[in-house]
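Q:
2 protein chains.
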Amino acid sequence: MQSRTPASRTGRPRSAAADAAILAATREGLVELGWSGLTLSDVAARAGVAKTTLYRRWSGKHELVVDAVAELFDELVLPDRGSLAADIEGVVLQFAAILNRPEAKCGLMGVVAESTRDDALRERVRTSIVERQKRLVLAGRARAQERGELPPEADPEESARTVDLIFDMAAGAVVHRTLVSGKPADEEWARGFTHILLLGLTTPAPNLTPPGKTVS
Amino acid sequence: MQSRTPASRTGRPRSAAADAAILAATREGLVELGWSGLTLSDVAARAGVAKTTLYRRWSGKHELVVDAVAELFDELVLPDRGSLAADIEGVVLQFAAILNRPEAKCGLMGVVAESTRDDALRERVRTSIVERQKRLVLAGRARAQERGELPPEADPEESARTVDLIFDMAAGAVVHRTLVSGKPADEEWARGFTHILLLGLTTPAPNLTPPGKTVS
DNA sequence: GCTATTACGCTACGACTCGTAGCGAAAGCT
DNA sequence: AGCTTTCGCTACGAGTCGTAGCGTAATAGC
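These protein sequence lines map, in sequence, to chains B and G.
In this text, residue positions in the first sequence follow the UniProt record's numbering: the first is 1, and each later residue adds one.
In this text, residue positions in the second sequence follow the UniProt record's numbering: the first is 1, and each later residue adds one.
(1) By the three-class DSSP mapping on this structure, what secondary structure does P184(G) have?
(2) Does DSSP put W35(G) in a helix, a strand or coil?
(3) Give the range of the alpha helix (DSSP H) segment to which S128(G) is assigned.
(4) Taking only runs that begin and end inside the UniProt domain "HTH tetR-type" (16-76) of chain G, name each unbroken alpha helix (DSSP H) of 4 or more residues, in chain order.
(5) State the CB to CB distance for the pair L201(G) and P102(G), rounded to an integer number of angstroms; the pair is presumed to be in contact (CB under 8 Å).
(6) Would you identify the three-state DSSP class for G119(B), choosing helix, strand or coil?
(7) Please return the same chain residues whose Cβ sits closer than 6 Å to the Cβ of A171(G), not counting the five positions on each side in sequence.
(8) May I ask which residues mark the beginning and end of the alpha helix (DSSP H) holding A156(B)?
(9) State yes or no: is the beta carbon of S15(G) nearer than 9 Å to at least one beta carbon in chain B?
(10) On the criterion of 16 or more Cβ atoms from any shown chain inside 10 Å, does T52(G) qualify as buried, or is it exposed?
(11) In the segment 150-167 of chain B, which residues sit with their C-beta less than 8 Å from some C-beta in chain G, listed in chain order?
(12) From what residue to what residue does the alpha helix (DSSP H) around L84(B) run?
(13) If the criterion is Cβ atoms closer than 9 Å, does the pair F73(G) and R132(G) meet it?
(14) Select from the segment 82-99 of chain B all residues with a C-beta closer than 8 Å to any C-beta belonging to chain G, and list them in chain order.
(15) Beta-carbon of W58(G) versus every beta-carbon of chain B: anything under 9 Å?
(16) Against E71(B), what residues of chain G qualify as contacts under a CB-to-CB distance less than 9 Å, listed in chain order?
(17) Using the rule of at least 16 other Cβ atoms within 10 Å of the residue's Cβ for burial, across every protein chain shown, is E89(B) buried or exposed?
(18) Please name the residue in L198(B), W35(B) and K183(B) whose C-alpha comes closest to that of V111(B).
(19) Give a yes or no on whether 9 Å exceeds the smallest Cβ distance from T52(G) to chain B.
(20) Identify, in the order they occur along the chain, each residue of the same chain with its Cβ nearer than 7 Å to the Cβ of R46(B), setting aside the five sequence neighbours on each side.
(21) Going by DSSP in three states, T10(G) sits in which element: helix, strand or coil?
(22) Is there a C-beta anywhere in chain B that falls below 9 Å from the one on P184(G)?
(23) Between which residues of its own chain and A68(G) is the CB-CB distance below 6 Å, once the five residues before and five after are set aside?
(24) For A173(B), return the contacting residues in chain G, with the cut-off set at a CB-CB distance below 7 Å.
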């Protein structure tokens, strides 16, 4: 939503049912028409709502789709599969499953495309979708540390960098696999991905910040 | 181009200069207007070409942008920096530099968004842009094998899978870093990424296809 | 219950883009 | 020359955009 109701005003309140109907209609429209085919008139018709109501709540297609897609990714959970490797695989597969839904793919990519020219929109995408799911990485690492699979973090700053890197690698790889390569991110693929990611994490970093380049 | 001239027909040939002007105008339009703001009328005006000429050569915005963006990625080369790690870093940084240009970002993402609902378009993206650049991974691996940094590949089938995986991880991570996270894929980031990727590659895979899950 | 205030549905609007058709002129090939 | 194809131009109906205006519906406060 863009203009959150300030606590409680006087007058007729906004229909929460309409919000749900609109977001659902948006996803439905994305499935059938795709990003550039989606029109707000169509969404309004599907939701059984006047077009003007849409514009009263969202400033345009971009913002609306962000909210519609964000709901999809809230389904993600961190399953306890017993080992860090299995946990990573589990999340990757869940993410792949969501990204396999047409409304998620084209909605997300369309919004990302527009956000390259609109800083406010990119920030909205980041906070509404991406940053929310970073919880999975944090929870997974914490659990792995309890198990003793990962050492407790020393430098908090580098720790944050590592979380960001993991997230970029995981989310990016799944997106690229399913959307660009057009092949399924199935169990076998997730296993290969996890194998590479995990080795890099468990092996102590030689020098990420220090001197020059003794990477060998 | 969509309708390649069959060798040489009789009649006035298509102006190659117009092609170049149109593609350049498309990129220019992407910078200023973004994906959804880009109109073919505008491109025609910029290129000094009639709108009808555009439609004679491309079937629509999607196809046109694919060609316009594909040219950008042909700038990629594999520098010989002396080690596999340095080579990977070099390519990653080059890729990041290209993806940092606004016309590349929004053009690529816009096309990918549409390609989620258009198999033909996705295939076009794959062959025109993605598959072309897979040469870098192949060349880099070959060079690393000459150096003795990587073992010669045994199973050709699994080898192909690994190349795909590397490509998905590298391209996906850079895209996600620059477009979604909105942070620069600079040298430090590339170093961290290469560190993780490389350890996973040089360590012999325990079981990618076999039994169940003896990972950890 | 009455009133103030806000949300809602509906209609209509000008501005714009889309993709195509039709025409005469230009530019090559043989 | 003559033939063939491209090109630039104009015009067109269809469709979308985001907004404005109006009457009605649904709450909160009194």
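Backbone N, C-alpha and C fix where the C-beta goes; we use that ideal spot for every residue, glycine too.
A: In short, the structure shows the following:
(1) Coil at P184(G), not helix or strand.
(2) Three-state DSSP puts W35(G) in a helix.
(3) Looking at the DSSP string, S128(G) is not in any alpha helix (DSSP H), and its letter there is neither H nor E.
(4) If one requires a minimum length of 4 residues, the alpha helix (DSSP H) runs lying completely within the UniProt domain "HTH tetR-type" (16-76) of chain G are 16-37, 40-47, 51-57 and 61-73, in chain order.
(5) About 33 Å separates the two Cβ atoms, so there is no contact after all.
(6) Position check: residue 119(B) holds Asp in this sequence, whereas Gly was assumed. Three-state result, D119(B): helix.
(7) Cβ-Cβ distances below 6 Å link A171(G) to nothing in the same chain once the five nearest sequence neighbours on each side are left out.
(8) First, the residue type needs correcting, since residue 156(B) is Pro and not Ala in the sequence shown. Element bounds for P156(B): P156 to V175.
(9) Taking Cβ atoms only, chain B never reaches closer than 9 Å to S15(G), which makes this a no.
(10) By the 16-neighbour rule on beta-carbons within 10 angstroms, T52(G) is exposed.
(11) Residues of the segment 150-167 of chain B with a C-beta less than 8 Å from any C-beta of chain G: R161, T162, D164, L165 and F167, listed in chain order.
(12) From DSSP, the alpha helix (DSSP H) with L84(B) extends over L84 to L99.
(13) Less than 9 Å divides the Cβ of F73(G) from the Cβ of R132(G).
(14) When CB distances to chain G are screened at a threshold of 8 Å, the residues of the segment 82-99 of chain B falling below it are S83, L84, A85 and A86, in chain order.
(15) The beta-carbon of W58(G) is placed no less than 9 Å from the nearest beta-carbon of chain B.
(16) Neighbours of E71(B) on chain G: none; closest Cβ ~18 Å, over 9 Å.
(17) It is buried - the Cβ of E89(B) has at least 16 other Cβ atoms within 10 Å.
(18) It is W35(B).
(19) Chain B, which has no Cβ nearer than 9 Å to the Cβ of T52(G), makes this no.
(20) Result list for R46(B): A25, E28 and G29, in chain order.
(21) Residue state, collapsed to three classes: coil.
(22) Under the 9 Å criterion on CB atoms, P184(G) is classed as non-interfacial with respect to chain B.
(23) L23, T26 and R27, listed in sequence order.
(24) Result: D168, M169, G172 and A173.
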